[in-house]
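Enquirer: Mind having a look at this structure? Questions to follow.
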Amino acid sequence: MTDPIPSASQADGERSAVRRGPRRPFPRFTRAGNAIAPGADPISTPSTELPQNPGMPMPLHSQDTELIALLDRVARQDALAFKQLYDQCASKLYGLAIRVVDNRAWAEDVLQDAFLTIWRTAADYRNALSPPMAWMGLIVRSRGLDFLRRRASQRTHLTQEMDDTMSESLPADTPSPMDAAQASEQAWALHQCLQKLASNQREVVSLAYVRDLSHGELAQQLRLPLGTIKTWIRRGMEQLRTCMARFG
Amino acid sequence: MDLTRNPELLDRLATSYALGTLRAGARRRFESLARQHPSVRAAALVWQTRMGGLNELQMQHTPDPVVWTRIDNLVRAEQQEQSLRTAREHAMAHRPDAAPAWWSSLGWWRGASVAGAFATVLAVAAGWHFHVQLRTELAQSQAQLQAIPQEAYVAVLQDDKSKASMLVTFDPRNKRLTLQRVGNYQESGDRSLQLWAIPASGAPRSLGVLDHDRLLKLTAGEADIRDVPTLAISLEPKGGVPGEGGPTGPVVFSGTLIQKM
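As given, the protein sequences belong to chains A and X, one line each in that order. Under the numbering used here, the first residue of the first sequence carries the number 933, and numbering increases by one thereafter. Under the numbering used here, the first residue of the second sequence carries the number 9, and numbering increases by one thereafter.
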């Protein structure tokens, strides 16, 4: 149903091992658009089949209920509930923050900023109509994008240096895996559909959204021709559209 | 182009809009259509929600425990500020003719609390990145403080540019208040810096006058420190303010006093 999810300790081990060398979170692409993925992603070939089981794992619902209850208490400035919320969600949200700003230290600032926002605006969650993790995810992403914009405007004179750093740290070799753990039902549906995309399409779509990048910015950062980026995104989104329509 | 009659095109534009790749003029035209037509707005919202799922699909990473400490400190500072504001408003209501000194200004207090919040961040940042000496000092203080939980205090005082300038630690067991100069600030020879405790209500109390050394130890009882949300340092004539009066010169550094849990 979903990819096997490594335990926290395994993930930590892999991460520190990977981190020692230059980071390479992107598949090596050929111009034809096929990813050479030696690590074997079993579902990397495009397919138009419906998911076998569009139902969702049961625990998710109770997790949502629990998070909603915690947010409710946080809205009443319950510091204990805030700590519990942090313990439950920090890893997931920190992962997102890292993905947005691509730097662990910056991501810590973003996570801190986001949790302060959650503390101050938890009362707004009642009007949000979205699952709690989706609501918090939006906060983290928007804090992360704010962080990047602030940084860019402070450092316009260092643009060249920034670009060099970015192109080093951005996409190179292995596809960054997706993790549906703790995801809400709607995100789980998206996960099912994304798994049907070729991994290069999945990655550019994911990067475009999470880092709010235009076609041109993606082409520049991934050092790929603009036409290639446009094609991957168009094909990926076309397939995603068809697939998501089946989930309603 | 009548989007409302072309659901296929509408859906396609809505996905690009939600993904963020619809840019410039096309994006503005789509937004303006969405404001006019509920069906366009609905398609945009559906796809924004769907794409938002990407936020939830990233790999988990465990953040460093220091992140929670920072968040917790900032939240505590914020709560203190709130109770302080309530107390101030209450006090002001009962004393409409209060002297318009700087410590009576709500704006100043808000500023001080925000500065205090930043000070907490800077305390960590300074500790980690800037001063090896400070880090050692902090580590020692922390080891000391952890040995006597609930009874130790720390504050980083900063100037108006939010630059950490003074590290203050208080060891109630030994009644010792330690001040360490962190920045390069040096008062002129005919002036002295004076440290004040700013209680939640009432006038500032002098905790002592600083000499020109980098490290200064003062004696203070826990009663002087407990329930004091803020410390401030003012620039005074040499030797400090005579008598029992409050500060006469400008406040050069201030920060929130945090009790180490």
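For each residue, glycine too, the CB sits at the ideal point set by N, CA and C. Here the structure is a predicted model, which means the values were calculated and not measured.
Could you work out which residues of chain X lie near V1072 (chain A), taking near to mean beta carbons separated by less than 8 Å?
Expert: By Cβ distance, chain X contributes N63.
Enquirer: Assuming L1151 (chain A) and I1161 (chain A) form a contact by the criterion Cβ under 8 Å, report the distance between their Cβ atoms to the nearest whole angstrom.
Expert: In the sequence as presented, Leu is not what sits at residue 1151 (chain A); that position holds Ala. Confirmed, Cβ separation roughly 5 Å.
Enquirer: Can you give me the C-alpha to C-alpha distance between T29 (chain X) and N63 (chain X), rounded to a whole angstrom?
Expert: Taking the straight line joining both Cα atoms gives about 17 Å.
Enquirer: Per DSSP, what kind of secondary structure is A163 (chain X) in: helix, strand or coil?
Expert: Three-state result, A163 (chain X): strand.
Enquirer: Hey, does Q66 (chain X) have any beta-carbon neighbour from chain A nearer than 8 Å?
Expert: With 8 Å as the cut-off, Q66 (chain X) counts as an interface residue toward chain A.
Enquirer: Three-state secondary structure (DSSP) at M59 (chain X)?
Expert: Of the three classes helix, strand and coil, the one that applies to M59 (chain X) here is helix, per DSSP.
Enquirer: Name the one or two DSSP bridge partners that F261 (chain X) has.
Expert: According to DSSP, which records beta bridges pairwise, F261 (chain X) is partnered with X:I241.
Enquirer: For the region 1018-1052 of chain A, which residues have a CB atom closer than 7 Å to at least one CB atom of chain X, in sequence order?
Expert: Listed by position along the chain: Y1018, A1022, S1023, K1024, Y1026, G1027, L1028, I1030, R1031, E1040, L1043, Q1044, F1047, L1048 and W1051.
Enquirer: Assuming G1076 (chain A) is part of the alpha helix (DSSP H), what are its boundary residues?
Expert: Element bounds for G1076 (chain A): P1064 to Q1086.
Enquirer: Are the C-beta of F1079 (chain A) and some C-beta of chain X separated by less than 8 Å?
Expert: So no, F1079 (chain A) is outside the interface.
Enquirer: Is A163 (chain X) near A211 (chain X), with beta carbons less than 8 Å apart?
Expert: For A163 (chain X) and A211 (chain X), no; Cβs fall outside 8 Å.
Enquirer: Which residue wins for smallest C-alpha separation from D235 (chain X), given the options X:A160, X:M100, X:H220 and X:T70?
Expert: Residue X:A160 is the option with its Cα nearest to D235 (chain X).
Enquirer: Where does T997 (chain A) fall in DSSP's three states?
Expert: Three-state result, T997 (chain A): helix.
Enquirer: Could you tell me the distance, in whole angstroms, from the CA atom of V259 (chain X) to the CA atom of V122 (chain X)?
Expert: Going from the Cα of V259 (chain X) to the Cα of V122 (chain X) covers about 16 Å.
Enquirer: Find the residues of chain X that neighbour A1140 (chain A), judging by a C-beta separation of less than 9 Å, and give them in chain order.
Expert: Result: L27, G28 and T29.
Enquirer: List the residues of chain X whose Cβ lies closer than 9 Å to the Cβ of L1012 (chain A), in chain order.
Expert: Those within 9 Å of L1012 (chain A) in chain X number zero; the least Cβ separation is about 11 Å.
Enquirer: Measuring straight from C-alpha to C-alpha, what distance separates E1040 (chain A) and P71 (chain X)?
Expert: If you take the alpha carbons of E1040 (chain A) and P71 (chain X), they lie about 7 Å apart.
Enquirer: In the DSSP assignment, find the unbroken beta strand (DSSP E) run with T177 (chain X) in it and report its ends.
Expert: Where T177 (chain X) is concerned, the enclosing beta strand (DSSP E) stretches over A172 to D179.
Enquirer: Under the three-state reduction of DSSP, which class applies to G229 (chain X): helix, strand or coil?
Expert: Looking at G229 (chain X) - three-state DSSP - the assignment turns out to be coil, as it is neither helix nor strand.
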